[in-house]
Amino acid sequence: METAATHPVSHAHGQLAHGHGHEHGHLKLHYQPALPISNGKLMMWLFLSTEIMFFAGLIAVYIVLRFGALTWPSQSAVHLEERIGFINTFVLICSSVTVVLSLEACRSHNPAMAKMWLAATLALGGVFLAIKAYEYNQKFSHGIYPRYPRSQIYERPDLEYGSAVRVRAQELLVPLQTAGYDKPLSAAQTRRLKRLEAAAQRSPQEEQAYRRLRARREGYERFRFLQDLKTRASSTQPDVLAALAAEIMPIRPRGSHEHLEGLNDLNPWLKMPIVIPGGNMWASTYFTLTGFHALHVLVGLIVFAIMMPMRFTPDRANMIENIGLYWHFVDIVWIFLFPLLYLF
Amino acid sequence: MCPSDAGERRRVALEGRRRRAATCCALLWLAAAAGCGGLSAPQFRLNMEDIIRETPDKDPDEFRITGREREQVRQGLLEEMRREKDPQKIEQLEANFGAALDAGTEEVLKLKRDKIKKLKILNTALVALFGTPDEPYVFPESGLDIKKIRLAAGPAQTVNSNVRRGLYRQHCVHCHGISGDGAGPTAVFLNPYPRDYRQGKFKFKSTEFAAKPTDADLLHTLTEGIPGTAMPSFKLLPLDEREALVEYVKYLSMRGEVELAMARYLFVDEEDLELSRSTLVEFLAESAESWSSAAEHVVRPQTQPAHVAATDPAEKARLLAESIERGRKLFAGEKAACVKCHGPTGLGDSEDKLYDDWNKDKDPEKFGAEAATWVLPRQQLRPRNLRLGIYRGGRRPLDLFRRIYTGIYGGPMPGAGPSPGREATLSEEEIWSVVDYIRSLPYEGQVAVPPPRQLTQRSRQSGSLP
Amino acid sequence: MSSPAVPHTHAGAAAAAPAMPVAKFLATYVFSRDHKVIGLQFLFSTLLWFIVGGLLALAVRWQLAFPWQGMPIVGRLLFSAEGNQISPEFYTMLFTMHATVMIFFVIIPILAGAFGNFLIPLMIGADDMAFPTLNMLSYWVMWPAFVLMTISFFVPGGASAAGWTGYPPLSVAHGAAPASQAGQTLWVLALVFVGISSMMGSVNYMTTIIQMRAPGMTMFRLPMTIWGMFITAVLQAFALPVLTAALFMQLLDRTVRTGFFIPEGLVINNEGVAAGGGQPLLWQHLFWFYSHPAVYIMILPAMGMVSDIISCFARKPLFGYKPMVYSICGIAGLGFIVWGHHMFMSGMNPALGAMFMVSTIMIALPSAVKTFNWLATLWGGKIQFTTPMLFAMSFVSMFIIGGLSGIFMAATPIDIFIHDTYFIVAHIHYVLFGGTAFGVFGGIYFWFPKMFGRMMNEFWGKVHFLLSFIFFNGTFFTMHLLGAGGFPRRLADPYHYATFRHLLGMNQFITYCALGMGAVQIIFAINLFYSIFRGPRCGRNPWHANSLEWLAPSPPGHGNFDVQPVVYRGPYEYSSPETTEDYYPQWQPPPAGQGEASHAQAQQHA
Amino acid sequence: MNKFWCLLFLAVPVLGVAAFAWAPGAGYWLPRDISDHGWQIDHLFYFVLTLTGAVFVATELALFWFAWKYDGRTNMQPVRFTHGSHDVEVLWTLAPAATLVFIAIYQMNAWADVKMRQPDVPVLAEVTARQFEWRIRYPGADGRFDTLDDVHVVNDLHVPVDRDILITLKSQDVLHSFFLPNLRIKQDAVPGMKIPVWFRARDVGEFDLVCAELCGWGHYKMKGRLTVQSASAFQQWLAETAAAQEATQEPEVEESE
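Residue numbers (my numbering), protein chains in the order written: chain Z, 49 to 392; chain Y, 375 to 840; chain E, 5 to 610; chain R, -14 to 242.
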């Protein structure tokens, strides 16, 4: 029954690889590759095609949600700066160039130069992430989060919004009440405070009393301010609530670069709920898209960092080329994301 | 195929066949045995988190002390020694350690035996009074209809004819639990929790604050469901099936009330219970009486809103508008104090943390580790958002009137009508006005989205605060 | 049995276990980079999950036949307090996890992971995959998925119960279902890991097939199995990342509560869900954009294996090799534009539905071509009724039913009535159980000798086939009738409805058949394990088949081949007039003077 | 033994056809159709059933016959050594393609009738699905929704017979599906969307309203009832329900069904 296998494959091209490099020394086989590129590069291209589909999914979702949404906030409403986006795009394009330069240097037997350019890429990638972090932080400081639990974005100034303002005001009021700041200073206290303020020199006791009285005055001012907010937020009048929302966080008209400051900006401790029509969906997509992109940048940087201590002999060029392919891909994704998120 | 192998394979196959058959049989037998073993009759579940703090682990017949309990005693003695300052006494304690340990263990065992004995008595009494989930039984003194109960009790049976039995286990058990303790497997994920019948506290009914609901009330709840909760409408069950379920709910409630009363009697008051018919009936009578007299406590408004009686449409509209305006003032006013819980805009955004009676005492901080063992952890109560147009107890003006008049038993909502020991806070006319106002709330002009505004000059200057 | 002088000793590695140091044992059998070991690891892991998925299905069947009656074993363990009857949310979990386990942990990995790994290098004449380490990782990345999914059964609320399709808002809103707590998050995470594993595998397979074919093995000399695997890998590479993206979005919706799939103004479990502007249908689009191609991921490799088995045991060339290849490619291409037919009733624009209907109906075409070709392959052959052949023929027979019932769903107006009824359940099981699973059984019986160097027991194999075939049809053919009655799926107690009350008897019949089907798999398990250790040994080519894997020793050692394989012809030259044997292996050089051209060509490539 | 396997494969078409022939008589078949458009769907069902049935029988018989005839033990003919035939391939590609295109075009009208040609009538009721009920709202006397006189009912949809009925379908929480088996109507209720559904019922009576999309643990509980009644009975029912909803006094007699 072994007719087939016992056929002596006399003209076999197989040969035994003896030891060198091949771990088990089994028969080293010949192949008939279809493409004149290395397996590694082919796999990188295939891997990138899966990545393209991944980002295609995310971008498609963005497009569907954005154009299906009733309202979508303008860039200025969500504190998005086109200039920063431009800078970041430029940084990333530069890093793509440096990676190519590194590859060229490596191919032309110049390891030091290659390493230098790779380090530049690493640095530029770092700058990109740093700028991204700065942008995120800007959003966070305005209460714009990808929703839960800290997002304070409301879609419209309706009764629910009023309720949220009341809840937040109450949260701030409770400690003031416990500290006894819910009563104004008595006439005598006011006089004493004025006197202390006027005094050029204060003894330690006086200094303490002065601070306490001043804190009480300020506390009471806050108390009254919050009480006022709470009363206004209890209104069922749409106009009153809309005015309140505009006061807490004014929305700049489209394209305006005038910096408008609302109560939340002027009093960072306030952290009142804000109204950005369409803001929740915007935050969801913005943070997800840029977040996954930043994650890819980070992965690229980690790989670069791992490569840094290596010796950049010309046979490493393939590796640099493959990683470079990945890096260009990350770059291209950003080139799609930037106009979608910042310009349209 | 490998012809040279064929003979060999056949031989191996023959040899192996017997062994394989034996294995198959063994596996099937195992499955069958486990299957049959799985079908033991269900029992009412003991779930008295607040009365019997620790129920004996598994087997009530286990009159032994476990290693864990012994260790607890030992730790207690060691703790005592650590706290002792006097070296002489420590020496004494060390010398008597073994004896003390034995004594301590004996003490624990005695308590445990005592507890098990009481539990057995409790169980016997309850089985005597009410039977088991498969074989329910009632005393005539309970006033319950055993025929209806039997239709609702027992294992679920789907038969091709239109008669279905075991209704409770088909429709209710996964939420309300087999003993009606509101702790079925699905319960913990619901908001609010399903009703614990054993408390005898029902929220949505036509009777006075603490009175039991009438049969019609329970039937209404079953028929319409409770909007805004997980209780669905069972309108499409035939009337006789719904009535059977109502009877079964009453049966479980009565059984639960008796169980709790007996448990309190045995474990809290530490009395002995005599297992005689008269004693048992005594326990039963109180609950049975409250159920049978429910119909006497139905709240019927003596008046009705002025606009209902009016015939001229213009007049009707004017009277209604006036009534709504009056209601608005009352709602916000001190006397009714609705806004305290329901919020100034009726959204139900109370500033206080509110709880139902059965949740009130379940403070996890107070109970520490024990809280983790609760089937149903504490759940906060949200006052009704009156702008949704969803009313749990029914949307008829009459239903809303009763809610305001009697309050909600088991929850923090007080009644505005008179109740024993308390004057009415609102007159009937005033209650009707509040009803009109509440009914108008969902339709009050919705807030339109205004164009984004810029910060006004005023707030830009005065906005900043220290 | 004479075997050629083997130049090294790895051929018998499987038997040489004793006295092996732990590190070496781990490297050889656990963290092995050898594609054969990885393939077997996939095989046994998935068979283990097959048991789990099967038991879940039996529990579902119990409830449908005996609603609210004490369930054996499970009921006692979990619901002793409720009269041993399962609760509805447990039922929901049962069918969700049955589908999830069967699709993501059994069918996809057993085809691509087990057979793909084992067969691709052997059938194309390579010593291993292009990236052995990546290959090993693709298996070990499945383990987090296995572990997470197992854990999900034990977290509060239980495992996912939002259906295997995980439609939001049910799967996203925490209050919507008892199991949309941690269970659903674990479900999402597990599927992300499955996705990563599949991505690694598919990239590797594609590279291997493109670059590592033996000299003379042109693309049109590849066996159909390899074509199936190749197109599957392409589908996985291009469709799966979209699901991964969607899964990440669902994960974010669940954890940080973004609002991709949650529209505004929901009130769930008496709590308002604060979210704005998301679209529940978006998930369905993304999910089916993957999961429709996934249906082909779940059957194309099986189609390939069945083609090979049928051709081998009909002792006749495969009829219409190229049309078969084009059909596979056509199925893959069309597979990307038909996803909307899962959503005819979903509220999607009906005009769009009409377009999807046309593309969906057209996808029946390549399937029909394949079926005709299989039948034509049988025509005029000399059929050997071996166990693998019986399974392969039943694949064809069952696939005809599954394929034809698909036309009912593709026709949108009929779908209005049968959508989400048992007609769908019957259809999917005819394709995936009667089709793929029977193909997989056939594949196991067929390649078992190559995997373990021993034969499986033929008699018990046939018993297994006969009983499986009967019980399978008893279970699922009847479901067509249930579907025609409008019997909806996923209901814990459909007999509430007067319309469906009379279907109880038929459901009981189905349950008995299903229990029988479950029980006969014990025969298979025993046969499998018995044969691994005690089956009669066999030579390199026990079936007298043509493709390259039969050139290698059984089981093949490390590096697979002890001679350099060179390919001279296609894989289906059975009963060729050029030779006296009824088979003509791909590696056998033509007699002197004949076929010099191809010989020279082969040499040139080498 | 080989012949046994052939017969086993023969049993598939024989028993398959037998099952479909037996089922309607035994009551396992499409539920009674009471809608105006349902005949189109049923007709298509029978049409596709006949077509696929023919293909099913033909292919399965071919499988059986080839297995029987070319059994390796009895077939003494030499194997037909062929790699396929271009003409045959073209034939069996084009023939099904033409059939499939025909099916695709043939059914367009029925689809459009059910989902695309909305009748020009006022909305009769708004059905809001929630876990696990159908909350139904009629506009009341003023003919407008969102006013105080809206009539609210649960799980109990009443419609007049022989009228074009237009219903708005909404969902409060998760996906549900509005399935009327007897009217051949099915439509998912999607949160955030208002989806119109229309039909025309021919017969009076009570029919099941089924939820056909998984909506959580209580999915099976979500049972509704469709009552088709004469126009006058419907108006009377609506008026009674509206009046009962405005009750300020307990009605004299408890309503019973």
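Glycine included, C-beta positions come from ideal geometry on N, C-alpha and C. Small disclaimer: the values here were computed from a predicted structure and weren't measured.
* **Local Cβ density within 10 Å of R/A186, reported as buried at 16 or more and exposed below that** => On the fourth sequence, position 201 is the one that residue 186 of chain R refers to. Classification of R/A186: buried, given that the 10 Å Cβ count is 16 or more.
* **Nearest-angstrom beta carbon gap, Z/T146 and Z/L409 [assumed within contact, 8 Å]** => Chain Z is shown from 49 up to 392; residue 409 of chain Z falls before or after that span and cannot be answered.
* **Residue burial classification, Z/N185 (beta-carbon count within 10 angstroms, cutoff 16)** => By one-based count along the first sequence, residue 185 of chain Z stands at place 137. So Z/N185 ends up on the exposed side.
* Check the Cβ of E/N231 against every Cβ in chain Y and list those closer than 8 Å, keeping chain order. => Here residue 231 of chain E refers to the residue found at position 227 when the third sequence is read from its first residue. First, the residue type needs correcting, since residue 231 of chain E is Trp and not Asn in the sequence shown. In chain order: nothing, as chain Y lies at least about 26 Å away.
* Can you give me the Cβ contacts of Y/S697 inside the same chain, cut-off strictly under 8 Å, excluding the 5 residues immediately before and after it? => Within the second sequence, the letter at position 323 stands for residue 697 of chain Y. Cβ within range, chain order: P679, A680, H681, W806, S807, D810 and Y811.
* Using CA coordinates, which residue listed in Y/P601, Y/G720, Y/Y779 and Y/R638 is at the minimum distance from Y/E797? -> Within the second sequence, numbered from 1, the residue matching residue 797 of chain Y stands at position 423. Comparing Cα positions, the closest option is Y/Y779.
* To do: Output the boundary residues of the alpha helix (DSSP H) element that contains R/Y123.
  => Here residue 123 of chain R refers to the residue found at position 138 of the fourth sequence. Counting along the chain, R/Y123 falls outside any alpha helix (DSSP H), though it belongs to the beta strand (DSSP E) covering E118 to Y123.
* 7 Å Cβ cut-off: residues of chain E touching Y/F563 -> On the second sequence, position 189 is the one that residue 563 of chain Y refers to. Chain E residues near Y/F563: G161 and P182.
* Determine the burial state of Z/S251: buried for a count of at least 16 other Cβ atoms within 10 Å of its Cβ, exposed for fewer. => Residue 251 of chain Z sits at position 203 when you count from the first residue of the first sequence. Exposed, since its Cβ has fewer than 16 Cβ neighbours within 10 Å.
* **Short-range partners of chain R found in the segment 350 to 362 of chain E, where Cβ spacing is below 8 Å** => S350, G351, P354, A355, G357, A358, M361 and V362
* To do: Could you tell me whether the segment 370 to 383 of chain E touches the segment 401 to 411 of chain E, using the rule of 3 or more Cβ pairs below 8 Å?
  => yes
* Is it right to say R/Q220 is buried, meaning 16 or more other beta carbons lie within 10 angstroms of its own, or is it exposed? -> On the fourth sequence, residue 220 of chain R is found 235 positions in, with the first residue counted as 1. Exposed, since its Cβ has fewer than 16 Cβ neighbours within 10 Å.
* Can you list the residues of chain R that Y/P675 reaches, using a CB-CB cut of under 8 Å? -> Locating residue 675 of chain Y in the second sequence gives position 301, counting from the first residue. Within chain R, the residues near Y/P675 are T233 and Q234.
* Comparing the C-beta of E/N511 with each C-beta of chain Y, is any distance below 8 Å? -> Locating residue 511 of chain E in the third sequence gives position 507, counting from the first residue. No, its Cβ sits nowhere closer than 8 Å to a Cβ of chain Y.
* Residues of the segment 204 to 223 of chain Z with Cβ closer than 9 Å to any Cβ of chain Y, in chain order -> R204, P205, D206, L207, E208, Y209, G210, S211, A212, R214, V215 and Q218
* Asked: Which residues bound the alpha helix (DSSP H) around Y/H548?
  -> Here residue 548 of chain Y refers to the residue found at position 174 of the second sequence. Run containing Y/H548: V547 to H550, per the alpha helix (DSSP H) assignment.
* Asked: Taking Cβ positions only, does E/N550 come closer than 8 Å to chain C?
  -> Judged by its chain identifiers, the structure shown contains no chain C, and its protein chains are Z, Y, E and R.
* Does R/T132 come within less than 8 Å of chain Y when only Cβ atoms are used? -> Looking up residue 132 of chain R in the fourth sequence gives position 147. Cβ-Cβ to chain Y under 8 Å: yes for R/T132.
* Asked: Hey, how far is the Cα of Z/L261 from the Cα of Z/T284?
  -> For this step, residue 261 of chain Z is matched to residue 213 along the first sequence. For this step, residue 284 of chain Z is matched to residue 236 along the first sequence. Rounded to whole angstroms, Z/L261 to Z/T284 spans 37 Å at the Cα level.
* To do: Select from E/A441, E/A186 and E/P173 the residue whose C-alpha is nearest the C-alpha of E/F54.
  => Here the question's residue 54 of chain E lines up with position 50 in the third sequence. Ranking the options by Cα distance to E/F54, first place goes to E/A441.
* Closer than 6 Å by C-beta to E/T211: which residues in its own chain qualify, once you throw out the five before and the five after it? Chain order, please. => On the third sequence, residue 211 of chain E is found 207 positions in, with the first residue counted as 1. Around E/T211: A134.
* Helix, strand or coil: how does DSSP classify R/V139 here? -> The residue you call residue 139 of chain R lines up with position 154 of the fourth sequence. In the structure shown, R/V139 sits in a strand (DSSP, three-state: E or B).
* To do: Verify whether the separation of the beta carbon atoms of Y/P566 and Y/T603 is less than 8 Å.
  => For the purposes of this step, residue 566 of chain Y is taken as residue 192 along the second sequence, with counting starting at 1. For the purposes of this step, residue 603 of chain Y is taken as residue 229 along the second sequence, with counting starting at 1. In this structure, Y/T603 lies closer than 8 Å to Y/P566 by Cβ.
* Asked: Counting along the chain, where does the alpha helix (DSSP H) carrying E/M270 start and finish?
  -> Numbered from its first residue, the third sequence carries residue 270 of chain E at position 266. Before going further, note that residue 270 of chain E is Leu rather than Met in the sequence given. Element bounds for E/L270: not the alpha helix (DSSP H) but the beta strand (DSSP E), L270 to I272.
* **From E/Y294, E/N273, E/P267 and E/W287, residue whose alpha carbon lies closest to that of Z/G326** => On the first sequence, residue 326 of chain Z is found 278 positions in, with the first residue counted as 1. Residue E/P267 is the option with its Cα nearest to Z/G326.
* Residues from the segment 32 to 63 of chain R in contact with chain E, defined by Cβ distance under 7 Å -> V33, T37, V40, F41, T44, E45, A47, L48, F51, A52, Y55, D56, G57 and N60
* **Neighbour flag for Z/T284 against chain Y, beta carbons, 8 Å** => Here the question's residue 284 of chain Z lines up with position 236 in the first sequence. Chain Y, which has a Cβ nearer than 8 Å to the Cβ of Z/T284, makes this yes.
* Asked: Can you find a C-beta in chain Y that's less than 8 Å from the C-beta of R/D141?
  -> Locating residue 141 of chain R in the fourth sequence gives position 156, counting from the first residue. Chain Y contact via Cβ: present.
* Provide the residue span of the beta strand (DSSP E) that contains E/G79, from first to last. => For this step, residue 79 of chain E is matched to residue 75 along the third sequence. Here E/G79 belongs to no beta strand (DSSP E); instead the alpha helix (DSSP H) covers V78 to L82.
* Asked: Between R/E225 and R/F164, what straight-line distance do the alpha-carbon atoms span, to the nearest angstrom?
  -> For the purposes of this step, residue 225 of chain R is taken as the residue at position 240 of the fourth sequence. For the purposes of this step, residue 164 of chain R is taken as the residue at position 179 of the fourth sequence. Their backbone Cα atoms lie some 27 Å apart in a straight line.
* To do: Name, please, each residue of chain Z whose Cβ falls closer than 7 Å to the Cβ of E/R217.
  => As a position in the third sequence, residue 217 of chain E is number 213, starting the count at 1. Under the 7 Å cutoff, chain Z gives Y79 and Q80.
* If you measure from the beta carbon of R/F219 to each beta carbon in chain Y, is any gap under 8 Å? -> Counted from its first residue, the fourth sequence places residue 219 of chain R at position 234. It does not: the Cβ of R/F219 has no partner Cβ on chain Y nearer than 8 Å.
* Could you confirm whether any beta carbon from chain R is found closer than 8 Å to the beta carbon of E/S580? => Translated into positions along the third sequence, residue 580 of chain E becomes position 576. Chain R contact via Cβ: present.
* Neighbourhood of E/Y426 by C-beta distance below 7 Å, restricted to the same chain and skipping five residues each side -> Counting from 1 along the third sequence, the entry for residue 426 of chain E is found at position 422. If we look at E/Y426 and ignore the five residues flanking it on each side, its Cβ neighbours are M483, L486, G487, F491 and R493.
* R/N167 beta carbon less than 8 Å from that of R/F184 -> Looking up residue 184 of chain R in the fourth sequence gives position 199. Looking up residue 167 of chain R in the fourth sequence gives position 182. No, the Cβ-Cβ distance between R/F184 and R/N167 is not below 8 Å.
* **Within 8 Å, strictly: CB atoms of E/G57 and E/M106** => Within the third sequence, residue 57 of chain E is the residue found at index 53, counting from 1. Within the third sequence, residue 106 of chain E is the residue found at index 102, counting from 1. Their beta carbons are under 8 Å apart, which means E/G57 touches E/M106 by this criterion.
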